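Residue numbers (my numbering): 63 to 126. Yeah, the Cβ is synthetic: ideal placement off N, Cα and C, and Gly gets one too. Keep in mind that this is a model prediction, so the values were computed, not measured.
The following block contains the structure:
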């Protein structure tokens, strides 16, 4: 079986408007996350509604 390890130094929870709720990120990473949030807000909100209904969520593209 193939395996991999991922070590993240930073972790944060953000609100849909990009404010840090918990944790923290370096300024550059936070900027990229906020850019991704702005581009995919409608998809994120749709997935949130699906999750609340215990339905499968749709994948959301990464920031390119």
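- Per DSSP, reduced to three states, the secondary structure at residue 71 is coil, with no helix or strand assignment.
- If you look at residue 82, you'll find it isn't in any alpha helix (DSSP H); it sits in the beta strand (DSSP E) that goes 82-86.
- Per the C-alpha coordinates, the member of 94, 97, 122 and 95 positioned closest to residue 107 is 122.
- Taken through DSSP and simplified to helix, strand or coil, residue 78 comes out as coil.
- The three-state secondary structure of residue 106, taken from DSSP, is helix.
- Between the alpha carbons of residue 97 and residue 81 lies a distance of about 12 Å.
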